[in-house]
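Numbering (UniProt numbering), first residue to last: 1 to 293.
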Amino acid sequence: MSQTLTVRGRRSAAPRRSIILTLVMFAFVLYSLVPLVWLLISSTKTQESLLNSFGLWFSGPFAFFDNVWQTLTYDDGIFLHWFGNTLLYVVVGAGGATLLATLGGYGLARFTFPGKRFIFTLILAAIAIPGTALAVPTFLLFSQMGLTNTVWSVIIPSLVSPFGLYLVWVYASEAIPTELLEAARVDGSGELRTFFTISLRLLAPGVATVALFAIVASWNNYFLPLIMLSNPDLYPLPIGLQLWNSQGAGIGADPIFNLVITGALLTIIPIVGAFLLMQRYWQSGLAAGSVKQ
C-alpha cells in the first residue's frame with residue numbers, strides 16, 4: 001500500500017507534458033530566433049548580394065570581416081564615436097539610476113516616516129505612465145533650461161527609474177531581516193556603515209536585477225535621444241544606425257544597408273554579454289518574495 005502511494009506521489013510530482021504547449025513554445029522560439037538568424041546571415045553579405053538574395057541563406061562572397069572593418073572605419077570611424085556615446089549614457093545614466101533606486105528603495109523599506117504611503121502610491125502611478133508619454137513634456141522642460149542637444153538631456157531623465165525603486169523596495173523588505181539591522185545598531189554600527197557592510201551585500205541580487213533593466217533600457221533608448229539631440233556627434237548607436245539607414249532613401253541616395261546590418265549585430269553583442277553575465281542575479285532577484293514561509 002505504501003509503495004502504491006509512493007508511486008502515485010511520484011507521478012503527481014512529475015511535470016506534465018502538453019503537445020499544444022510544446023508547439024506554442026516552439027513557435028515562440030522560432031519567432032524569436034528567425035530575426036537573429038537573418039541578422040547573422042545578412043552580415044556576411046555584400047551590399048549587392050544583400051539586396052538580390054534570399055534573406056535566410058548565404059549568397060555571394062563571405063564579406064563579414066570586410067563589413068565589420070567598413071562599419072568601424074566608415075565616415076572617419078563615427079560608429080566608434082556613437083559606441084562611446086552609448087557607453088557614456090549607459091554608465092552614467094543606468095549606473096546613476098541603479099544607485100538612486102537602491103538608496104531610495106532601501107530607505108523606503110527599512111525606515112518609517114510620514115507620507116510613506118503617499119510616496120508608494122506616487123511610485124506605482126509613475127510605473128504606469130509610459131516613458132514616451134513623458135518625452136515631449138521632458139523636451140519642453142529641458143528646452144526652457146537650455147539643456148537640449150547636450151548629453152545631460154539624455155542622462156538626467158535616465159536617472160529616474162520608478163520600477164527599479166519599487167523592485168529594490170520589495171527586495172529589501174524580504175531579503176534583509178529586521179533583527180539583523182537591530183543587532184548591528186546595538187553593536188554601535190551607524191546607518192551608513194550598516195548599509196554598505198551588511199545590507200548592500202544582501203541586496204546584491206536585487207541591485208543586479210535593477211542594473212540589468214537600467215542597462216538594457218539605456219542601451220536601447222531611442223525616442224528620447226531622437227527628440228533631444230540634433231548633433232550627430234552626440235548620437236547613441238540606435239540613432240546613428242537610423243541615420244545610416246536613412247541614407248538609402250531619396251534622390252542620389254548612397255545605401256549602406258550592409259553596414260547598417262553589421263552595425264546592428266555589433267550593437268547587440270555587448271548587451272547580450274551583459275545579460276548572460278548577470279542572468280543568475282536577475283533570476284534570483286525576480287523570484288524574491290514569490291514564496292511565503
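Ideal Cβ placement from N, Cα and C applies to all residues, glycine included.
Note that the structure is a prediction, hence the values are computed from the model and not measured.
- Its chain contains Ala101, Thr102, Gly104, Gly105, Tyr106, Ala109, Leu203, Gly206, Val207 and Val210 as the residues whose beta carbon lies nearer than 8 Å to that of Val168, once the 5 sequence neighbours on both sides are disregarded; these appear in chain order.
- Between Trp38 and Leu50, the C-beta spacing is not below 8 Å.
- Your pair Leu229 and Asn149 checks out as a contact, with CB atoms roughly 6 Å apart and the cut at 8 Å.
- Excluding its 5 nearest sequence neighbours in each direction, Phe58 has C-beta neighbours in its own chain below 8 Å: Ile41, Thr44 and Lys45, listed in chain order.
- Classified as exposed, Ala27 has fewer than 16 neighbouring CB atoms from the shown chains inside 10 Å of its CB.
- Straight across, the Cα-Cα distance linking Leu277 with Ile271 is about 10 Å.
- Judged by DSSP secondary structure, Thr86 falls within the alpha helix (DSSP H) whose first and last residues are Phe64 to Leu88.
- One alpha carbon belongs to Pro232, the other to Tyr281, and they sit about 36 Å apart.
- For the options Gly131, Phe111 and Pro162, the alpha carbon positioned closest to that of Leu122 is the one of Pro162.
- Taken atom to atom, the span from the alpha-carbon of Leu165 to that of Pro255 is near 44 Å.
- Not a single unbroken stretch of the beta strand (DSSP E) spanning 3 or more residues falls wholly within the stretch 148 to 188.
- Setting aside the 5 residues that flank it on each side, Val216 is surrounded in the same chain by Ile271, each with a C-beta closer than 7 Å to its C-beta; the list follows chain order.
- Ranking Arg193, Arg16 and Val92 by CA distance to the CA of Trp152 puts Val92 first.
- When only Cα atoms are considered, Ile119 and Ala125 end up about 10 Å apart.
- Straight-line spacing of the CA atoms in Pro238 and Leu23 works out to 34 Å.
- Shortest Cα-Cα distance from Phe79 to any of Leu234, Ala274, Ala253 and Gly248 involves Leu234.
- Taking the Cα of Phe111 as reference, the smallest distance to any Cα among Phe62, Val68, Gly84 and Ser173 is reached at Ser173.
- A distance below 7 Å between beta-carbons, with the five flanking residues on each side excluded, links Pro61 to the following residues of its chain, in chain order: Thr46.
- In the DSSP assignment, Met25 falls within the unbroken alpha helix (DSSP H) covering Ile19 to Ser42.
- According to the DSSP assignment, Met228 belongs to the alpha helix (DSSP H) that extends over Phe223 to Met228.
- A distance below 8 Å separates the beta carbons of Val68 and Thr262.
- In this structure, the alpha-carbon of Leu72 lies about 12 Å from that of Asn258.
- In this structure, the CA atom of Phe54 is about 13 Å from the CA atom of Val34.
- Of the other Cβ atoms in all chains shown, fewer than 16 fall within 10 Å of the Cβ of Asn52; this residue is therefore exposed.
- Distance from the CA atom of Phe195 to the CA atom of Ala214, rounded to whole angstroms, is 22 Å.
- Excluding the 5 residues flanking it on each side, Phe142 has same chain C-beta neighbours closer than 6 Å at Thr148 and Ser153, in chain order.
- Counting the other Cβ atoms within 10 Å of the Cβ of Ala183 gives fewer than 16, which makes it exposed.
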